[in-house]
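Engineer:
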Amino acid sequence: MKSLVTGGAGFIGSHLVEELLARGDDVTVLDDLSTGSVSNLAAVRDHPRFQLVVGTILDPTVVHGVVSGCDRVFHLAAAVGVKLIIDDPLASLRTNIHGTENVLMVCEETGATLLLASTSEIYGKNEADRLHEDSDRVLGSTLKSRWSYASAKGIDEAFAHAYWSQFGLAVSIVRLFNTVGPRQKGRYGMVVPNLVGQALRGDPLTVFGTGEQTRCFSSVHDIVPALIGVIDNDATRGQALNLGGAHEISILDLARAIIRVTGSSSEIQLVPYDTAYGDGYEDMRRRVPDNTRAHDLVGFAPRTSIDEIVRGVAESLQSTVDRSDWTMQQARPHASTTVIV
Ligand SMILES: NC(=O)c1ccc[n+]([C@@H]2O[C@H](COP(=O)([O-])OP(=O)(O)OC[C@H]3O[C@@H](n4cnc5c(N)ncnc54)[C@H](O)[C@@H]3O)[C@@H](O)[C@H]2O)c1
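Residue numbers in the sequence shown follow my numbering, run continuously in steps of one, and reach 343 at the last position.
1) Please report the straight-line C-alpha distance between Ala45 and Gly188, rounded to a whole angstrom.
2) Based on the DSSP secondary-structure assignment, which residues constitute the bridge partners of Gly126?
3) Using 8 angstroms as the Cβ pair cut-off and three pairs as the minimum, do the stretch 141-151 and the stretch 81-89 touch?
4) Please classify Glu159 as buried or exposed, where buried requires at least 16 neighbouring CB atoms within 10 angstroms.
5) Quick check: does the Cβ of Gly101 come within less than 6 angstroms of any heavy atom belonging to ligand 1?
6) Tell me, please, which residues DSSP counts as bridged to Ser221.
7) Mark Ser16 as exposed unless 16 or more other C-beta atoms lie within 10 angstroms of its C-beta, in which case mark it buried.
8) So the alpha helix (DSSP H) Phe13 belongs to, where does it begin and stop?
9) Measure the alpha-carbon distance for Thr340 versus Arg203 and round it to whole angstroms.
10) With H, G and I counted as helix, E and B as strand and the rest as coil, what does DSSP make of Val343?
11) Report the option in Gly142, Arg295, Phe210 and Asn235 whose CA atom is closest to the CA atom of Gly2.
12) For Val232, collect the residues of the same chain with a Cβ closer than 7 angstroms to its Cβ; drop the 5 residues on either side in sequence, then sort them by chain order.
13) Going residue by residue through the stretch 207-271, where are the continuous beta strand (DSSP E) segments of at least 3 residues, counting only ones entirely within it?
14) Thinking C-alpha only, which one of Asn128, Ile253, Gly10 and Glu21 is nearest Pro227?
15) In the DSSP assignment, what residue or residues form a beta bridge with Pro291?
16) For ligand 1, any of its heavy atoms closer than 6 angstroms to the Cβ of Leu35?
17) Under 6 angstroms: does the beta carbon of Ile251 sit that close to some heavy atom of ligand 1?
18) Look at Gly265 and Gly183 and say whether their C-beta atoms are less than 7 angstroms apart.
19) Here's the rule I'm using: 16 or more other beta-carbon atoms within 10 Å means buried, otherwise exposed. How should Val290 be labelled?
20) Straight-line CA distance for Leu23 to Asp276?
21) What residues are listed by DSSP as bridge partners for Leu117?
22) Give the straight-line distance between the Cα atoms of Val68 and Ser267, rounded to the nearest whole angstrom.
23) Measure from the alpha carbon of His223 to the alpha carbon of each residue in Gly9, His66, Glu310 and Thr30, then state which is nearest.
24) With a threshold of 6 angstroms (Cβ to nearest heavy atom), would Leu18 be considered close to ligand 1?
25) If you draw a straight line from the alpha carbon of Ala172 to that of Tyr165, how long is it in whole angstroms?
26) Is the distance from the Cβ of Thr115 to the Cβ of Arg74 below 7 angstroms?
27) Between Val84, Thr58, Leu43 and Ser39, which lies nearest to Asn180 when the distance is taken from Cα to Cα?
28) Alpha carbon to alpha carbon, how far is Leu6 from Leu32?
29) Using the beta-carbon count (16 or more within 10 Å), is Leu145 buried or exposed?
30) When DSSP labels each residue in this structure, what does Asp28 get in the three-state scheme?
31) DSSP three-state label for Ser147, please.
32) For Phe169, which residues in the same chain have their Cβ closer than 7 angstroms to its Cβ, ignoring the five residues on either side in sequence?
33) Quick one: is Arg185 buried, meaning 16 or more other Cβ sit within 10 Å of its Cβ, or exposed?
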């Protein structure tokens with residue numbers, strides 16, 4: 003089996019590449035190394051069935067070259083991370099819309115099976131008890147760049163669905179909720195590596211807003227087998243499947259767990275969203291997945307606990323040479339913070 007992983011030098015992509023090689027695939031990665039890095043692929047760089055192509059999904063010729071001859075394509079390349087999206091909304095819109103359509107077009111032409119990595123962000127501010135795949139999308143103003151990622155990924159899904167219904171493209175969509183684990187970077191606003199990095203340095207853990215907002219974190223080690231299960235299952239074609247964590251936790255409790263697991267003496271500081279991301283930032287109080295469809299179709303059952311996740315991230319950060327990856331820069335650091343225990 004020949005597999006292409008776009009964005010394979012990134013956090014999730016690099017774990018997927020390792021798993022595909024272990025299962026016997028020939029694996030090509032297409033990545034522009036904008037947020038990914040060659041060091042993420044250190045374990046597989048010299049593998050005889052692996053090749054890395056440094057290039058962009060925005061170039062249709064490049065995409066054609068790497069998709070040709072592949073049986074399946076895992077499309078993970080994207081501009082990701084709240085901080086990155088707010089700082090550079092155009093990258094999000096261009097990469098995540100034009101780049102994805104390039105991948106869809108070429109897969110339709112070559113007959114490759116495609117998995118599209120989408121996101122729970124598409125549900126926006128819908129705080130329903132359990133978000134299922136047909137739940138409504140509740141997005142803020144188009145003039146708030148914070149929502150451009152959700153808008154772009156929503157368009158990706160609509161494109162994918164149309165390629166499936168109009169041309170019969172074998173495409174499946176996964177909506178990832180907060181996926182965490184080793185190699186994820188904090189500097190683009192990802193909360194777990196940010197807080198773990200702060201705990202390891204003995205810095206205050208900066209929790210945005212009241213900290214009462216909740217999320218369901220899942221380990222990349224639970225997600226990767228599900229990605230392969232979805233692309234290999236014909237019953238998932240033309241569908242979207244939630245892939246999220248099993249346990250809801252507030253960010254304040256997450257910070258407390260991180261302090262406990264890392265043995266840190268750090269305190270927790272509450273930082274207003276405006277300080278972190280600039281004026282008018284909107285966030286959702288909770289985001290809880292209904293994983294029933296993924297469970298029924300591919301047996302998805304996330305098992306890794308928050309403590310295990312934190313331990314894995316801490317070990318990964320401690321072995322990282324470039325520590326600038328650890329923590330994001332805030333828009334106005336140290337303004338209006340509240341210290342709590
Ligand atoms: N990590 C999460 O919690 C999460 C949640 C929801 C969805 N996702 C989705 O999962 C996928 C992987 O995300 P990740 O967390 O591993 O992020 P990541 O930033 O580590 O990976 C994205 C990869 O895409 C590459 N890339 C960006 N623009 C590109 C371009 N124009 N051409 C080629 N490569 C390009 C980057 O260099 C990087 O290696 C993304 O599609 C993302 O939207 C992730």
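Heads up, the beta-carbon is just placed ideally off N, CA and C, and yes, glycines get one too.
None of the values given here were measured: they were computed from a predicted structure.
Structural biologist: If we stick to the structure as given:
1) 22 angstroms
2) Val140
3) yes
4) buried
5) yes
6) Val182
7) buried
8) Phe13 to Ala24
9) In this prediction, Thr340 has a pLDDT of 48, which is less than 50 and means its spatial position is unreliable; what the coordinates show is noted afterwards. Approximately 20 angstroms between the Cα atoms of the pair.
10) Residue placement at Val343 cannot be trusted, given a pLDDT of 38 that sits under 50; what the coordinates show is reported in the next sentence. Of the three classes helix, strand and coil, the one that applies to Val343 here is coil, per DSSP.
11) The chain is shown from 3 up to 343; residue 2 falls before or after that span and cannot be answered.
12) Closer than 7 angstroms at Cβ, skipping near neighbours: Leu117, Ser174, Val176, Thr238, Leu243 and Val300.
13) Listed in chain order, the beta strand (DSSP E) elements of length 3 or more contained wholly in the stretch 207-271 are 207-210, 216-218, 242-245 and 250-252.
14) Glu21
15) Leu133
16) Taking 6 angstroms as the cut-off, one finds at least one heavy atom of ligand 1 near enough to the beta carbon of Leu35.
17) no
18) No. Outside cutoff.
19) buried
20) 43 angstroms
21) Phe76 and Ser174
22) 48 angstroms
23) Considering only alpha carbons, the answer is Glu310.
24) no
25) 9 angstroms
26) Yes, the Cβ-Cβ distance between Thr115 and Arg74 is below 7 angstroms.
27) Val84
28) 7 angstroms
29) exposed
30) strand
31) When DSSP states are grouped into helix, strand and coil, Ser147 belongs to the helix group.
32) Glu110
33) Arg185 counts as buried, since at least 16 other C-beta atoms from the protein chains shown sit within 10 angstroms of its C-beta.
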